[in-house]
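Data first, discussion second: the structure below is written as structure tokens.
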Amino acid sequence: MSKVASVDEAPPVEKSRLRERLGPAALWERLQGWLTGRKHSTIGFSILRILFGIAILIVLVPSYADRRYLWGAGAWWVEPEASRRGWWEPLRLLFPKDNAVVFETSFHVLLLLAVLFLVGFQTRWVTPVLLVFWVGLSTNSTLLGNGGDTLMRIVLLFVVFADLSRHFSVDAWMRSRRGSRPSRFAARMPRWVPSWTGTWAHNTVLILCVFQILLVYLVSSVLKFQGEEWVNGTAIYYALSIDQFHVMPALSQLAWQSAPVVALATWTALWVQMLFPVLILWKPTRYVAVVLITGMHLGIAVLLGLWPFSLAMIALDLLLVRDGTWLRAAARLGRIRRGVLSPAA
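Under full-length UniProt numbering, the residue at position 290 of the sequence shown is numbered 290, and the numbers go up by one with no gaps.
Right, here's the structure in full:
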């Protein structure tokens, strides 16, 4: 009888433990631990810094010779539309069209800030200033930007509060050389601010960035489903047929030669974006989704020449890859490299 009784009592105990693990109090405690325990996706944020820096330089450097015609005194004809957008007026004073000295100074400061951001030098101070100058330049023209520029402005506002220089940066190199000695330029938090505030802010930014990319994919896929070309599998063919996007005409023509390949690529892009919020919930499908969506953006960059947009999207996608995964991949590559380089004997 005792054995029967113990068996009968087991399920309620297990149910009680399950309710404790899944109850509101337990979930809230786990969320607090995730937010304040340690910084997540620090490698992903460092990669985001590098890709965003490259994307900004891709916009600025090729346009350097034509900067006055695109954003300066030669762009007065865009001013009525630019003014109608209602940008905050102090931002519009950074790149004035009627003062060449101030415009040139601001443009070259922006170039310097982009380089410093890319290499990760004094990132905590450079990031907010870069955001102000990047938005200031965007106020001068409404015809040069795209969805990628809008996304970059939003994300740059978020990452002001994130740790962008933990890896692959001059800041990280200087910290390793300095050891435990504090930097003269280190931001000192007031004593009354809890020690976990920086970790909480970083992880909150991660949540906001992931939400932003999910919102982009969900809205994009819903709009795609309203287009007949996406549903019947011909949208990519028409995109590659636009003369203005023929960066490499021979490669574009090669890409649309096979109707099954075009249809498969179109439907894959459509469904991966639609299901992306669900696919990231499980680790194996998350990495499959990240690989597919990254491949899609690389295709857009190579075939259509939209490098800043693609780099911004890839940077956000890679935030979904955990630090542990990056470290394991690096260790595996290191073992392979040592095996290749080591003598056979």
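Built from N, CA and C at the ideal position, the CB exists for glycine as well. Keep in mind that this is a model prediction, so the values were computed, not measured.
If you check the beta carbons only, do residue 312 and residue 174 fall under 8 Å apart?
In this structure, the beta-carbon distance from residue 312 to residue 174 does not fall below 8 Å.
Among 49, 144, 120, which residue has its Cα nearest to the Cα of residue 66?
Looking at the Cα atoms, 144 is the closest of the given residues.
In its own chain, which residues sit with a C-beta less than 6 Å from the C-beta of residue 350, not counting the 5 before and 5 after it?
An answer regarding residue 350 cannot be provided, because it is not within the stretch 1 to 345 covered by the chain.
Assign residue 71 to one of two classes, buried (16 or more other C-beta atoms within 10 Å of its C-beta) or exposed (fewer than that).
buried
What are the start and end residues of the alpha helix (DSSP H) that includes residue 103?
100-119
Residue of 79, 210, 277 minimising C-alpha distance to residue 41:
The residue with the shortest Cα to Cα distance from residue 41 is 210.
Could you check if residue 108 is buried or exposed, using at least 16 other CB atoms within 10 Å of its CB as the buried criterion?
exposed
Whose CA, out of 272, 284, 139, 37, lies closest to the CA of residue 195?
For residue 195, the nearest C-alpha among the options comes from 37.
Could you name each continuous alpha helix (DSSP H) segment of 4 residues or more that falls completely within the segment 126-207, going from the start of the chain to the end?
147-159, 170-178
8 Å contact criterion, which residue 160 and residue 127 should meet: CB distance rounded
5 Å
Please state the DSSP three-state secondary structure of residue 249.
helix
Proximity of residue 272 and residue 234 at Cβ, strictly below 8 Å
no
Give a yes or no on whether the C-beta atoms belonging to residue 58 and residue 168 are separated by under 8 Å.
no
For residue 318, which residues in the same chain have their Cβ closer than 6 Å to its Cβ, ignoring the five residues on either side in sequence?
44, 47
Rounded separation between residue 320 and residue 98 - CA only
45 Å
Please classify residue 131 as buried or exposed, where buried requires at least 16 other C-beta atoms within 10 Å of its C-beta.
buried
Local Cβ density within 10 Å of residue 296, reported as buried at 16 or more and exposed below that
Buried, because 16 or more other Cβ atoms sit within 10 Å of the Cβ of residue 296.
Check residue 38 in the structure and name its three-state DSSP category.
coil
Determine, using beta carbons only, whether residue 267 and residue 237 come nearer to each other than 8 Å.
no
Along the chain, where does the alpha helix (DSSP H) that runs through residue 284 open and close?
283-304
Stretch-stretch touch, CB-based, cutoff 8 Å, three pairs: the segment 273-285 with the segment 217-225:
yes
By how many angstroms is the C-alpha of residue 141 removed from the C-alpha of residue 76?
9 Å
Going by C-alpha to C-alpha distance, which of 178, 134, 197 sits closest to residue 163?
When the alpha-carbon of residue 163 is set against those of 178, 134, 197, the nearest one is in 197.
Beta-carbon within less than 7 Å of residue 294's beta-carbon, same chain only, minus the 5 sequence neighbours each way: which residues are those?
314, 317
Which complete alpha helix (DSSP H) runs does the segment 303-341 hold, if anything under 4 residues is left out?
307-317, 323-341
For residue 134 and residue 110, which I take to be in contact (beta-carbon distance under 8 Å), what is that distance rounded to the nearest angstrom?
7 Å
Please report the Cβ distance between residue 289 and residue 280, rounded to the nearest whole angstrom; I am assuming they are in contact, meaning their Cβ atoms lie under 8 Å.
6 Å
Between the alpha carbons of residue 250 and residue 54, how many angstroms are there, rounded?
26 Å
CB-CB under 7 Å to residue 68, same chain, minus the five flanking residues each way: which ones, in chain order?
74
Under DSSP, the alpha helix (DSSP H) around residue 346 begins and ends at which residues?
Residue 346 is absent from the structure shown; the chain starts at 1 and stops at 345.
Are the Cβ atoms of residue 245 and residue 299 separated by less than 8 Å?
no
Limits of the alpha helix (DSSP H) - the one that residue 90 falls within
89-92
Quick one: residues in its chain with C-beta nearer than 8 Å to the C-beta of residue 129, no 5 flanking neighbours on either side, listed in chain order?
113
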